[in-house]
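Engineer: Quick one: this structure, given as structure tokens, is what I'll be asking you about.
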Amino acid sequence: MSATLIDGTGIASEVRGEVGETVAEMRAKHGIAPGLAVALIGDDAASAVYVRMKERAAVEAGMASETIRLPADTSQDEALAVVRRLNDDARYHGILVQLPLPAHISEDAVIESINPDKDVDGLHPFNVGLLVAGKPRFIPATPAGIQELLLRSGNDPSGKHVVVCGRSNIVGKPIMNLLMQRKDGANATVTVCHTRTRDLGAMTRQADILIAAVGSPQMITADMVSDGVVVIDVGVNRVDAPERRRGYRLVGDVDFDAVSQKAAAITPVPGGVGPMTIAMLLRNTLNAARRSIHGESRPTA
Ligand code: GUN
Numbered sequence: 089m090s091a092t093l094i095d096g097t098g099i100a101s102e103v104r105g106e107v108g109e110t111v112a113e114m115r116a117k118h119g120i121a122p123g124l125a126v127a128l129i130g131d132d133a134a135s136a137v138y139v140r141m142k143e144r145a146a147v148e149a150g151m152a153s154e155t156i157r158l159p160a161d162t163s164q165d166e167a168l169a170v171v172r173r174l175n176d177d178a179r180y181h182g183i184l185v186q187l188p189l190p191a192h193i194s195e196d197a198v199i200e201s202i203n204p205d206k207d208v209d210g211l212h213p214f215n216v217g218l219l220v221a222g223k224p225r226f227i228p229a230t231p232a233g234i235q236e237l238l239l240r241s242g243n244d245p246s247g248k249h250v251v252v253c254g255r256s257n258i259v260g261k262p263i264m265n266l267l268m269q270r271k272d273g274a275n276a277t278v279t280v281c282h283t284r285t286r287d288l289g290a291m292t293r294q295a296d297i298l299i300a301a302v303g304s305p306q307m308i309t310a311d312m313v314s315d316g317v318v319v320i321d322v323g324v325n326r327v328d329a330p331e332r333r334r335g336y337r338l339v340g341d342v343d344f345d346a347v348s349q350k351a352a353a354i355t356p357v358p359g360g361v362g363p364m365t366i367a368m369l370l371r372n373t374l375n376a377a378r379r380s381i382h383g384e385s386r387p388t389a
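Now the structure itself:
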């Protein structure tokens, strides 16, 4: 079998187009542009690229966007003060603090300081709790993007066995909660594997849908999947490529060439999950602005 490519760039562009149309309507009807503030602390090279892409996408969708760039020696108190200022700034409906943060700043403290009504990353414990309770408000952008990719590529997870590799707060845990919900577009049986899972291959071979979010280049090999699996590769790993001008290339957590011989469908890296993360962040920001206009009763998903 040779897999169909799940085109994250194309699907993300559809979602961004839909968001852009609604933003235009909101601006015309209410005179309000959804606003996204992004804080980038430190000099992680990959984070700088992601943040630039987020800001550009927000502006392209007709949103107001500000990026606050702070040096790596920013204190935790200074970081918290920036979040407080953004919480109080009515121009911004959504706030995102790019992770990872420098080691001396507590990610938990910063995330918990964000007003949950502006937490478009969906990482505040209040929003995590709503998702677990089956009443999601802001779903973290990467898991939301994975669900959208599955649905728009004709791979509804309902009744399927989804095996997730990785248990992070940003991908593994929320995608588990999202896809196991009793809800259209979900209703999957979800298994979560992690570093202490015994015989990982025995688990991954059971997957109808395999989601790899381990942060380890090409760790999922062809012997670990069954014929006909649908593979979602969340990994973005830089590996040395001296022949390239920039000195590296991006690979996923899945050995793409070998696994795509067995899979029914697979996301490429780059061009799979990555673009969806940005699109869903914009959708969350739009929903935050909608909630600020219409109040809590309006459905946000
Ligand atoms: N770093 C990598 N992905 C993300 C994300 O989705 N949100 C934030 N805040 N930081 C990230």
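The opening residue of the sequence shown carries number 89 in my numbering; numbering runs sequentially from there. Note that CB positions come from ideal geometry on N, CA and C, so glycine has one too. Everything numeric in this text was worked out from a predicted model, so none of it was measured.
Between the Cα of residue 178 and the Cα atoms of 205, 349, 112, which residue gives the shortest distance?
Structural biologist: 205
Engineer: If you measure from the beta carbon of residue 231 to each beta carbon in chain B, is any gap under 9 Å?
Structural biologist: The structure shown has no chain B; it contains just one protein chain.
Engineer: Taking only runs that begin and end inside the segment 332-364, name each unbroken alpha helix (DSSP H) of 4 or more residues, in chain order.
Structural biologist: Secondary structure remark: continuous alpha helix (DSSP H) runs of at least 4 residues inside the segment 332-364, in chain order: 344-347.
Engineer: Identify whether residue 314 lies in helix, strand or coil by the three-state DSSP scheme.
Structural biologist: coil
Engineer: Output needed for residue 182: all residues of its chain with C-beta closer than 6 Å, excluding positions within five of it in sequence on either side, in chain order.
Structural biologist: 124, 206, 208, 373, 376
Engineer: Measure the alpha-carbon distance for residue 161 versus residue 275 and round it to whole angstroms.
Structural biologist: 45 Å
Engineer: Per DSSP, residue 30 is paired with what?
Structural biologist: Nothing about residue 30 can be reported from this structure: the residues present for the chain run from 89 to 389 only.
Engineer: Check residue 196 in the structure and name its three-state DSSP category.
Structural biologist: helix
Engineer: For residue 317 and residue 287, which I take to be in contact (beta-carbon distance under 8 Å), what is that distance rounded to the nearest angstrom?
Structural biologist: Their Cβ separation, rounded to whole angstroms, is 17 Å, which puts residue 317 and residue 287 out of contact at 8 Å.
Engineer: Distance check for residue 145 and residue 370, CA to CA, integer angstroms please.
Structural biologist: 8 Å
Engineer: Rounded to the nearest angstrom, what separates residue 97 and residue 235 at their Cα positions?
Structural biologist: 15 Å
Engineer: Thinking C-beta only, is residue 167 closer than 9 Å to residue 193?
Structural biologist: yes
Engineer: Under the criterion of a Cβ to heavy atom distance below 8 Å, does residue 153 qualify as lining the ligand GUN?
Structural biologist: no
Engineer: Can you have a look at residue 223 and say buried or exposed, based on whether 16 or more other CB atoms are within 10 angstroms of its CB?
Structural biologist: Its Cβ having fewer than 16 others within 10 Å, residue 223 is exposed.
Engineer: For residue 307, which residues from the same chain have a beta carbon less than 6 Å from its beta carbon, with the 5 sequence-adjacent residues on both sides left out?
Structural biologist: 341
Engineer: Whole angstroms is fine: what's the gap from residue 365's alpha carbon to residue 175's?
Structural biologist: 23 Å
Engineer: Just the Cα atoms here: how many angstroms apart are residue 327 and residue 118?
Structural biologist: Residue 327 and residue 118: Cα-Cα distance of roughly 47 Å.
Engineer: Are the CB atoms of residue 298 and residue 99 within a distance shorter than 9 Å?
Structural biologist: no
Engineer: If you draw a straight line from the alpha carbon of residue 116 to that of residue 106, how long is it in whole angstroms?
Structural biologist: 16 Å
Engineer: Considering only residues of the same chain and omitting the five flanking positions on each side of residue 131, which have a CB-CB separation below 7 Å?
Structural biologist: 160
Engineer: I believe residue 103 touches residue 367 by the beta-carbon criterion, under 8 Å. Please report the beta-carbon distance rounded to the nearest angstrom.
Structural biologist: 4 Å
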